[in-house]
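Chains as they are written, first to last, in the working numbering: chain A, 19 to 320; chain B, -12 to 222. The beta carbon of each residue, even a glycine, is placed where N, CA and C say it ideally should be. Since the structure comes first, as structure tokens, the remarks are kept for the end.
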Amino acid sequence: MDMEYFLELFFSGLTRGSIYALIALGYTMVYGIIQLINFAHGEIYMIGAFVALIVAGVCTIYGLSGFAILILAAAIAILYAAAYGYTLEKIAYRPLRGSPRLSPLISAIGMSIFLQNYVLLAQTPDYLPFPRLIPSFAFMDPVAHIIGSAELVILVTTLVTMVLLTLLIKKTRVGKAMRATQQDLSMARLVGINVDRVISLTFVIGSVLAAIGGVLVASYIGQVNFYIGFLAGVKAFTAAVLGGIGSIPGAVLGGLIIGWSESFAAGYFSSDYEDILTFVLLVVILIVRPAGILGKVRKQKV
Amino acid sequence: MLKVQNIQTYYGNIQALKDVTIEVAEGEIVALIGANGAGKTTTLMSICGITPPRSGEIFLDGDPIHDFSPENIVKKGIVQVPEGRRIFPDMTVLENLEMGAFLRTNKRQIQQDLNYVMTLFPILEKRQSQLGGTLSGGEQQMLAISRALMARPRVLLLDEPSLGLAPLIIKQIFEIIRQINKESSTTIFLVEQNANQALKLADRGYVMENGRITLVDSAANLLSNVDVRKAYLGI
């Protein structure tokens, strides 16, 4: 077996997987707190990519160069996505708090369709070219056939993001409030946590992660359209379920498994099968371990 | 100190509390007894702002608090130990205690109170880095009470602290409740099905039936009241 080819697939799988993980974190954190699958999450990712595209276009006119554009575009995309996530929760989910679980779910699907069509109308149905904002580093040249500069930037960015997220959740006051709310929402209120604020914050954090993913993928793949959020969203959702929805390490693990399985399936069989394998894996895991790989079966106390 | 005046609380269209009036004076231990489903837990949840009353008023030191959010009620000094203990299962004992002090900022005082609850319940110090969900029922109850104390409550509300515990542990828990009341002059409002234990501890008691208060008296009188003995003490 060709080792170099294997490594190339390994790193491309790792890259894809870490992006899936980034998006999956948004699904899993929201689910952990309010038991809602936020189907509009993929659209936040797509909006992040679009905002970055617009900012990059404007910046190019003003003559900024590669890396500066990437940072600026990402920063504005993050702000925009955070605002979208916050508003989404406020108008589509908060009014439905306390209603049957199906209602916010339908609202989520509605928001997903709405946001897709809103971008479709406001922008264009066509694929738009996204500038390659990640420069090629000279020091990566010797290994460029295995792992490219763009992949390196994606890996480092997602790694740093995840470390920061972990620190936020484990160490800070808001992080503890998030964990408490996830473990027992009404008890969290009884110790004086403003649960509404925690829920808003969770949506904002999830949206920030999705926007980071959106910008990275767009500049890696080189094109965006209004529909990219759907497949990325479904894959990331699968990753979250695979790892055990509600579990943060589970989302990362699920993302990586899907990234690798796609990459190896495409590399050794045919790229026609990469999507199929993802969902076959999902079905198998759900049969063997319905709660996901790291998911906990929570006893429901009455 | 705490005054609940003619409150009516609903779950949807179902009225759970009918015209409930309760008064608890500073430094007192007051027990609310009654059968399953009488509305005892709802009374506590209404005081804490989780199920706010549809009408009626709740005062703390004369200030109306019935339209306060739960966190502002905690800030005011009303803290609940809910039924079933409700420990955060995936947080350590220490983190659970820290969550109790969530709204406080003075680190030195928080540390003082940590030391205080660990002298009240030495077992918590031994278990401090263990996950809350792995504790036994009695230990969880101790942790739940300690977590509430970490908020420095002026009024401590306890919902069925004896539920599901062994008799020896119950005795210990009630002893500590008395001690908390004495040492830090914390006002205590206690909800119990275990009427005998509760009335032995309390100064005064309220009896609740179908969402209404049906009797108010000193704990000693309630203990000797024929109807109460028949209905709640099984004598």
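Bridge-paired residues (DSSP) for residue i
| i | result |
| --- | --- |
| Met205/A | In DSSP, Met205/A forms no bridge with anything. |
| Thr92/B | Answer is none; Thr92/B lacks a bridge partner. |
| Tyr(-2)/B | Ile1/B |
| Lys(-10)/B | Glu10/B, Phe46/B |
| Pro51/B | Phe46/B |
| Glu179/B | Ile20/B |
| Ile164/A | None; Ile164/A has no bridge partner. |
| Ile65/B | Val142/B |
Coarse secondary structure for residue i, derived from DSSP in three states
| i | result |
| --- | --- |
| Met78/B | coil |
| Val320/A | Bear in mind that the predicted position of Val320/A carries a pLDDT of just 46, short of 50, making it too unreliable to give a figure here. |
| Lys5/B | strand |
| Asp146/B | strand |
| Tyr193/B | strand |
| Gly87/B | helix |
| Glu292/A | helix |
| Arg134/B | helix |
| Ala95/A | helix |
| Ala18/B | strand |
| Glu10/B | strand |
| Thr241/B | Only positions -12 to 222 of chain B appear in the structure, and residue 241/B is not among them; the question remains open. |
| Thr46/A | helix |
| Ile152/A | coil |
| Gln200/A | helix |
| Pro147/A | strand |
| Leu118/B | strand |
| Gln141/A | coil |
| Val298/A | helix |
| Ile200/B | strand |
| Gln241/A | strand |
| Ser83/A | coil |
| Ser205/B | strand |
| Val213/B | helix |
| Cys77/A | helix |
| Asp20/A | coil |
| Glu70/B | coil |
| Pro40/B | coil |
| Asn168/B | helix |
| Leu312/A | coil |
| Leu220/B | helix |
| Asn56/A | coil |
| Arg34/A | helix |
| Ser218/A | helix |
Under 8 Å by beta carbon: chain A residues contacting residue i
| i | result |
| --- | --- |
| Asp236/B | The question about residue 236/B has no answer, for chain B in this structure spans -12 to 222. |
Contacts of residue i in chain A (Cβ-Cβ under 7 Å)
| i | result |
| --- | --- |
| Met86/B | Lys194, Ala198, Val209 |
| Gly176/B | Here residue 176/B turns out to be Phe, not Gly, going by the sequence shown. None at all; the shortest Cβ gap to chain A is about 15 Å. |
Under 9 Å from the C-beta of residue i: neighbouring residues of chain A
| i | result |
| --- | --- |
| Gln67/B | Leu208 |
| Glu70/B | Correct list: empty, because the minimum Cβ distance to chain A is about 11 Å. |
| Leu90/B | Val209, Gly210, Ile211 |
| Arg73/B | Asp202, Ser204, Met205, Leu208 |
| Glu82/B | Lys194, Arg197, Ala198 |
Near the ligand GTP: residue i beta-carbon under 7 Å from a heavy atom
| i | result |
| --- | --- |
| Leu90/B | The ligand GTP is not among the ligands present in this structure, which contains no ligands whatsoever. |
Chain B contacts from the segment 188 to 211 of chain A (Cβ-Cβ distance under 9 Å): Taking 9 Å as the Cβ-Cβ cut-off against chain B, the residues of the segment 188 to 211 of chain A that qualify are Arg191, Lys194, Ala195, Arg197, Ala198, Gln200, Gln201, Asp202, Ser204, Met205, Ala206, Arg207, Leu208, Val209, Gly210, Ile211.
Residues of the segment 28 to 62 of chain B with Cβ closer than 7 Å to any Cβ of chain A, in chain order: Those residues of the segment 28 to 62 of chain B that come within reach of chain A (Cβ to Cβ, closer than 7 Å) are Cys35, Ile37, Pro57, Glu58, Val61, Lys62.
Inter-stretch contact at 8 Å, needing at least 3 Cβ pairs: the segment 83 to 97 of chain A / the segment 135 to 155 of chain A: Contact between the segment 83 to 97 of chain A and the segment 135 to 155 of chain A is present, with at least three C-beta pairs closer than 8 Å.
The segment 130 to 148 of chain A in contact with the segment 234 to 243 of chain A per 3-pair CB rule at 8 Å: The segment 130 to 148 of chain A vs the segment 234 to 243 of chain A: in contact.
Any 3 or more C-beta pairs closer than 8 Å across the segment 276 to 284 of chain A and the segment 170 to 190 of chain A: Because the criterion of three Cβ pairs below 8 Å is not met, the segment 276 to 284 of chain A and the segment 170 to 190 of chain A do not touch.
The segment 92 to 102 of chain A / the segment 260 to 273 of chain A touching (three or more Cβ pairs under 8 Å): The segment 92 to 102 of chain A, when compared against the segment 260 to 273 of chain A, does not touch it at the 8 Å Cβ threshold.
Inter-stretch contact at 8 Å, needing at least 3 Cβ pairs: the segment 4 to 23 of chain B / the segment 170 to 177 of chain B: In short, these stretches touch, since the Cβ pair count reaches three.
Touch test, the segment 199 to 208 of chain A against the segment 69 to 76 of chain B, Cβ-Cβ under 8 Å, three pairs minimum: Yes, since at least three Cβ pairs between the segment 199 to 208 of chain A and the segment 69 to 76 of chain B fall closer than 8 Å, the two stretches touch.
Cβ contact check for the segment 102 to 117 of chain B and the segment 287 to 302 of chain A: 3 or more pairs under 8 Å: Flag = no, the segment 102 to 117 of chain B and the segment 287 to 302 of chain A do not touch.
Cβ pair count under 8 Å reaching 3, the segment 36 to 49 of chain A against the segment 163 to 176 of chain A: Contact between the segment 36 to 49 of chain A and the segment 163 to 176 of chain A is present, with at least three C-beta pairs closer than 8 Å.
Cβ pair count under 8 Å reaching 3, the segment 17 to 30 of chain B against the segment 95 to 106 of chain B: No, the segment 17 to 30 of chain B is not in contact with the segment 95 to 106 of chain B.
Meets three-Cβ-pair contact criterion under 8 Å: the segment 56 to 66 of chain B and the segment 138 to 149 of chain B: The answer is yes - the segment 138 to 149 of chain B touches the segment 56 to 66 of chain B, with three or more Cβ pairs under 8 Å.
Touching by the beta-carbon criterion (3+ pairs, under 8 Å), the segment 179 to 196 of chain B and the segment 45 to 61 of chain B: Touching, no.
Meets three-Cβ-pair contact criterion under 8 Å: the segment 110 to 127 of chain A and the segment 52 to 64 of chain A: Cβ pair count under 8 Å is three or more, so yes.
The segment 279 to 287 of chain A touching the segment 306 to 315 of chain A, judged by at least three CB pairs closer than 8 Å: As far as the Cβ criterion goes, the segment 279 to 287 of chain A does not touch the segment 306 to 315 of chain A, which means the pair count is below three.
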